[in-house]
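To keep things clear, I will list the structure first and then write my remarks on it.
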Amino acid sequence: MTFSLKINGANHQADVDPDTPLLWVLRDVLGMTGTKFGCGMALCGACTVHLDGNPIRSCITPVGSIGTSAITTIEAVGETPAGRKIQRAWLDLEVVQCGYCQSGQIMSASALIASNAKPSDTDIDNAMSGNICRCGTYGRIRAAIKHAAQLSDAN
Amino acid sequence: MFTDRFAEGHGAGEPSGLSRRNFLKAGAAAGGGLILGVAFARGGMAQTAQEFAPDAFVRIDRDGRVAIIVCQVEMGQGTYTSMPMLIAEELEVPLSQVHVEHAPPDDRLYANPLIGFQVTGGSTSVRGFWKPLREAGAAARTMLISAAAQTWSVDPSTCRAEAGQVIHAPSGRKLAYGALADKAATLPAPSHAALKDPKDFKLIGTPAKRLDTPPKVNGAAKYGIDTRLPGMKVATVAACPVFGGKLAHVDDSKAKAVNGVRQIVQIDNAVAVVADHMGAAKKGLAALAITWDEGVNAKLSTQDIVDQLDAATQKPGIVAKQEGDVEKAIKGAAKIIEAVYREPLLAHTTMEPINCTVHVRKDGCDIWVGTQVIARAQAIAAEITGLPLDKIAVHNHVLGGGFGRRLEVDFIGQTVRIGQQVDGPVKIIWTREEDIHHDIYRPYYYDRLRAGLDDQGMPIAFHHRVGGPSILSRWAPPAFKNGLDGDAVEGADGPYGFPNLLIDYVRQEPPPGLLVGWWRGVGVTHNAFMVEGFVDELAAAAGKDPVEYRRALLGKAPRARAVLDLAAEKADWGKPLPPRSARGVALVFGFGSYIAHIAEVTIDKDGSVEVKRIVCAVDCGTVVNPDTVKAQIEGGTIYGITAALYGEITIKNGRVEQNNFDSYPALRMNEAPAIEVHLIDSNESPGGIGEPGTPGAAPAIVNAIFAATGKRLRKLPVDKDLLKSA
Numbered sequence: 000m001t002f003s004l005k006i007n008g009a010n011h012q013a014d015v016d017p018d019t020p021l022l023w024v025l026r027d028v029l030g031m032t033g034t035k036f037g038c039g040m041a042l043c044g045a046c047t048v049h050l051d052g053n054p055i056r057s058c059i060t061p062v063g064s065i066g067t068s069a070i071t072t073i074e075a076v077g078e079t080p081a082g083r084k085i086q087r088a089w090l091d092l093e094v095v096q097c098g099y100c101q102s103g104q105i106m107s108a109s110a111l112i113a114s115n116a117k118p119s120d121t122d123i124d125n126a127m128s129g130n131i132c133r134c135g136t137y138g139r140i141r142a143a144i145k146h147a148a149q150l151s152d153a154n
Numbered sequence: 000m001f002t003d004r005f006a007e008g009h010g011a012g013e014p015s016g017l018s019r020r021n022f023l024k025a026g027a028a029a030g031g032g033l034i035l036g037v038a039f040a041r042g043g044m045a046q047t048a049q050e051f052a053p054d055a056f057v058r059i060d061r062d063g064r065v066a067i068i069v070c071q072v073e074m075g076q077g078t079y080t081s082m083p084m085l086i087a088e089e090l091e092v093p094l095s096q097v098h099v100e101h102a103p104p105d106d107r108l109y110a111n112p113l114i115g116f117q118v119t120g121g122s123t124s125v126r127g128f129w130k131p132l133r134e135a136g137a138a139a140r141t142m143l144i145s146a147a148a149q150t151w152s153v154d155p156s157t158c159r160a161e162a163g164q165v166i167h168a169p170s171g172r173k174l175a176y177g178a179l180a181d182k183a184a185t186l187p188a189p190s191h192a193a194l195k196d197p198k199d200f201k202l203i204g205t206p207a208k209r210l211d212t213p214p215k216v217n218g219a220a221k222y223g224i225d226t227r228l229p230g231m232k233v234a235t236v237a238a239c240p241v242f243g244g245k246l247a248h249v250d251d252s253k254a255k256a257v258n259g260v261r262q263i264v265q266i267d268n269a270v271a272v273v274a275d276h277m278g279a280a281k282k283g284l285a286a287l288a289i290t291w292d293e294g295v296n297a298k299l300s301t302q303d304i305v306d307q308l309d310a311a312t313q314k315p316g317i318v319a320k321q322e323g324d325v326e327k328a329i330k331g332a333a334k335i336i337e338a339v340y341r342e343p344l345l346a347h348t349t350m351e352p353i354n355c356t357v358h359v360r361k362d363g364c365d366i367w368v369g370t371q372v373i374a375r376a377q378a379i380a381a382e383i384t385g386l387p388l389d390k391i392a393v394h395n396h397v398l399g400g401g402f403g404r405r406l407e408v409d410f411i412g413q414t415v416r417i418g419q420q421v422d423g424p425v426k427i428i429w430t431r432e433e434d435i436h437h438d439i440y441r442p443y444y445y446d447r448l449r450a451g452l453d454d455q456g457m458p459i460a461f462h463h464r465v466g467g468p469s470i471l472s473r474w475a476p477p478a479f480k481n482g483l484d485g486d487a488v489e490g491a492d493g494p495y496g497f498p499n500l501l502i503d504y505v506r507q508e509p510p511p512g513l514l515v516g517w518w519r520g521v522g523v524t525h526n527a528f529m530v531e532g533f534v535d536e537l538a539a540a541a542g543k544d545p546v547e548y549r550r551a552l553l554g555k556a557p558r559a560r561a562v563l564d565l566a567a568e569k570a571d572w573g574k575p576l577p578p579r580s581a582r583g584v585a586l587v588f589g590f591g592s593y594i595a596h597i598a599e600v601t602i603d604k605d606g607s608v609e610v611k612r613i614v615c616a617v618d619c620g621t622v623v624n625p626d627t628v629k630a631q632i633e634g635g636t637i638y639g640i641t642a643a644l645y646g647e648i649t650i651k652n653g654r655v656e657q658n659n660f661d662s663y664p665a666l667r668m669n670e671a672p673a674i675e676v677h678l679i680d681s682n683e684s685p686g687g688i689g690e691p692g693t694p695g696a697a698p699a700i701v702n703a704i705f706a707a708t709g710k711r712l713r714k715l716p717v718d719k720d721l722l723k724s725a
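Sequence lines, in order, name chains A and B. Note that numbering that gives the first Met the number 0 numbers the first sequence so that position 114 is 113, with each residue one more than the last. Note that numbering that gives the first Met the number 0 numbers the second sequence so that position 90 is 89, with each residue one more than the last.
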């Protein structure tokens, strides 16, 4: 089946079974490798993308379920005010170590501050506990989200 | 420690044989510019100019960019920033102008200065390259100044280097390094170039921004798993779930019918589904009907391994360290304390699942992978294909976590075997389940500890019998000497001084097919839990404060005492906490660094443990990038907390019982404590920093649990059922 997907503002075609997870359409069919595979069961958050602005786990999202919803990935999240601030904060606070989970962390964090201008520690726990980081960057992620919330849109 | 056991003369206290002279040789780079080779001094057999075989290269291109080509790979530890800092400091060039290139596979040209072959591990990058890279930077700077002085026909002493250019102050003339590189390449490398006095450092010791971060926040960084090639297929694999078992039969009729599946490949112990994309490969794999020949381990359970260790450690082992007479001292002791401490098998679960891409052809083979041991990747491909080494190209990548897992090449060999049957390039990705079922695990350790206390409760005898397999005997056989595995006993007496000491080692291998290997903090992580838990028991038996008790054992270890004192001060040691909340301490020396962890925990009524705060004090000698040091201690500590609270691989019917992050959990944001890292200001040689954050986390937590509940846990992970309140 051929699916027409709206990704990062552009239309893309993919000829796959409808139960194919969006993750593999992005990575293997369309060549957008910024979104990462970590567990395949929505347990680690590495594959997080935005669907109409909401964070979803692309590893368990069948491509046939997406319809006309707009997908945003790590490659383009920097074009949104929230994504830009989160990326800036990640650099300012030197969050990243190996970096592999950070695409997913940044997608979850961007969605958080897009909907919540001043997230509390509990808000951060709720939004970010689905994203595992084995390098252990959690403390810096927490600080960077708070830092991003202070940045102006111009950043 | 494991990393220091290979190259003779490169002991922990003398990183990279620093008193000996490293050789430098200069020449023209293939594409223009200056290339400088560095050959590390080795033991008593320093290389001569005739047999010069460099271990690292520094290249200055015509555009002024500086490349370091070394064995080290970036896996999150920050080495692709700290090594450029070493060069930039002496070369007088902006850090942004320096980068690291992945070295091609060649153990002879690109050896790790501490280990002797091409490997990243054991917290060796800064320790090993601290002097050679600064020497190379200083030599290149001297040559560039000479080249400029010749160009201008002036005395070199009237020129200076600054920010990537040579300046002739009297005339105000300037030439950029790039413009001088070709001329400098015609000059001999100086036999000696003076290094800066540390007080003149401008970069070393400052929190430099990491050079590898920008492409990691926008999806641009390419890991091995991101490899894409024209015509490439994607495959996933199932190896026999029972260790050592083989593939008996596969019915692939349903899998072949899956849209996008192209080929089913069988090798002796595994089957792979090759497809257009991973979604189809996974679906195809699920549709296979596989019959395994389970072999001799079909009934194996964790308890079998424990029973074997229990029996083996009843008898004395190989003596690793002996001071005084433990048996005699124990006979005269006022009190004898004995305990068995146990640590489980552990998986690594790097966030980037195991993967490898190959293109095997009749006349050659290409491999795209992220590996800590690139020359071993090349060697295993040569062994399997029968191709000569020079026909096997390995393209290395940044690693999505290593932690020791990518010190192994099992999956690379598997991919090559599968790739031999595929026409064109193929990328193998293990599912997370496959990763957990077929890791090369941190061994099960089963240690017996015994101490004799005097009438003041202080230890007059300390006996640590280590029981476990030898990783070195498989991974680096020449380093396994006289039956002793130096890694297994690393840190087995902690940083302490005991008047009578015995460490012996009982080697007990797991059943064939179950492989064990390196895991973050290696031998020190294993022994820190045993020793720090037991020393805490001794303090309790003596009725003494755990910090004060340790202090009293550190008369000859002032650096250890200083980190202990600093951590105690910063953690408010001794300040009362609510009921079922307490602090625990652990003190560790390893990789040339000292670290104290103080954990503050609260135990809920259901027995679950909340780690609320961790305070670390670290003395890792001279600090290159303090922000990276802190990040590594923070992250290493989180890795250790995960193991303390959750980490356990168990085996039933020859199979690993855990599958994914649901049954093999990792610490998450809502559980992560605040971690403070305090650094001791030091001019000592740099210590390692990637490994040392992990070992102290678990013992600090179990010691805090004891302080909070009176329950002494001698087995990991923490069993919350034992901690329920009545």
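The C-beta atom is built at its ideal place from N, Cα and C for all residues, glycine as well. Every value quoted in this text rests on a predicted model; they were computed, and no experiment measured them.
DSSP puts residue i in a beta bridge; with which residues?
i: Phe461 of chain B; result: B:Ala450 and B:Leu500
i: Leu167 of chain A; result: The structure shown does not extend to residue 167 of chain A, since chain A is modelled only from 0 to 154, so the question has no answer here.
i: Ala771 of chain B; result: What is shown of chain B runs 0 to 725, which leaves residue 771 of chain B out entirely.
i: Leu471 of chain B; result: According to DSSP, which records beta bridges pairwise, Leu471 of chain B is partnered with nothing at all.
i: Gln302 of chain B; result: Beta-bridge pairing links Gln302 of chain B to no other residue.
i: Asp588 of chain B; result: Sequence inspection shows Phe at residue 588 of chain B; the Asp mentioned does not correspond to that position. Note: Phe588 of chain B sits in a beta bridge opposite B:Tyr593.
Can you give me the start and stop residues for the beta strand (DSSP E) that residue i sits inside?
i: Pro54 of chain A; result: Asn53 to Arg56
i: Trp367 of chain B; result: Gly363 to Val368
i: Arg360 of chain B; result: Asn354 to Arg360
i: Thr601 of chain B; result: Ser592 to Ile602
i: Ala41 of chain A; result: Neither: Ala41 of chain A is in no beta strand (DSSP E) and is coded neither H nor E.
i: Ala346 of chain B; result: Segment: none, Ala346 of chain B is in no beta strand (DSSP E) and carries neither H nor E.
i: Val321 of chain B; result: Note that residue 321 of chain B is Gln in the sequence shown, not Val. Here the beta strand (DSSP E) through Gln321 of chain B covers Ile317 to Glu322.
i: Ala67 of chain B; result: Note that residue 67 of chain B is Ile in the sequence shown, not Ala. That run of the beta strand (DSSP E) goes Val65 to Val69.
Can you tell me whether DSSP reads residue i as helix, strand or coil?
i: Leu150 of chain A; result: coil
i: Asn10 of chain A; result: strand
i: Phe533 of chain B; result: helix
i: Lys117 of chain A; result: coil
i: Phe56 of chain B; result: strand
i: Glu351 of chain B; result: coil
i: Gln96 of chain A; result: coil
i: Lys5 of chain A; result: strand
i: Gly16 of chain B; result: Legend: pLDDT at Gly16 of chain B = 38, less than 50; position of this residue unreliable, no value from coordinates given.
i: Lys569 of chain B; result: helix
i: Glu489 of chain B; result: coil
i: Trp518 of chain B; result: coil
i: Ile105 of chain A; result: helix
i: Ile704 of chain B; result: helix
i: Ile674 of chain B; result: strand
i: His525 of chain B; result: helix
i: Val717 of chain B; result: coil
Can you tell me where the alpha helix (DSSP H) holding residue i begins and where it ends?
i: Asn682 of chain B; result: It is not in any alpha helix (DSSP H) - Asn682 of chain B carries neither H nor E in the DSSP assignment.
i: Thr430 of chain B; result: Looking at the DSSP string, Thr430 of chain B is not in any alpha helix (DSSP H), and its letter there is neither H nor E.
i: Arg133 of chain B; result: Ser124 to Trp151
i: Arg612 of chain B; result: It is not in any alpha helix (DSSP H) - Arg612 of chain B instead sits in the beta strand (DSSP E) that spans Val608 to Asp618.
i: Gly542 of chain B; result: Careful: Gly542 of chain B lies outside any alpha helix (DSSP H) and carries neither H nor E.
i: Lys334 of chain B; result: Looking at the DSSP string, Lys334 of chain B is not in any alpha helix (DSSP H); the run it does join, the beta strand (DSSP E), is Lys334 to Glu342.
Check whether the Cβ of residue i lies closer than 7 Å to any heavy atom of the ligand SAH, and answer yes or no.
i: Asp365 of chain B; result: What this structure holds is no ligand at all, so the ligand SAH is not there to describe.
At which residue ranges does the stretch 204-290 of chain B contain complete beta strand (DSSP E) runs of 3 or more residues, listed in the order of the chain?
-> List check, beta strand (DSSP E) in window: 232-238, 245-250, 260-266 and 269-274.
Touch test, the stretch 128-146 of chain A against the stretch 100-108 of chain A, Cβ-Cβ under 8 Å, three pairs minimum = The stretch 128-146 of chain A vs the stretch 100-108 of chain A: in contact.
Can you list, in chain order, the stretches of the beta strand (DSSP E) that have 3 or more residues and sit fully within the stretch 384-442 of chain B?
-> Within the stretch 384-442 of chain B, the runs of beta strand (DSSP E) at least 3 residues long that lie entirely inside it are, in chain order, 391-395 and 425-428.
Tell me, please, whether the stretch 27-40 of chain B touches the stretch 162-182 of chain B by the rule of three or more beta-carbon pairs shorter than 8 Å.
-> As far as the Cβ criterion goes, the stretch 27-40 of chain B touches the stretch 162-182 of chain B, which means the pair count is three or higher.
Would you check if the stretch 305-314 of chain B and the stretch 457-471 of chain B touch, i.e. whether three or more CB-CB distances between them fall below 8 Å?
-> Counting C-beta pairs closer than 8 Å gives three or more between the stretch 457-471 of chain B and the stretch 305-314 of chain B, which meets the contact rule.
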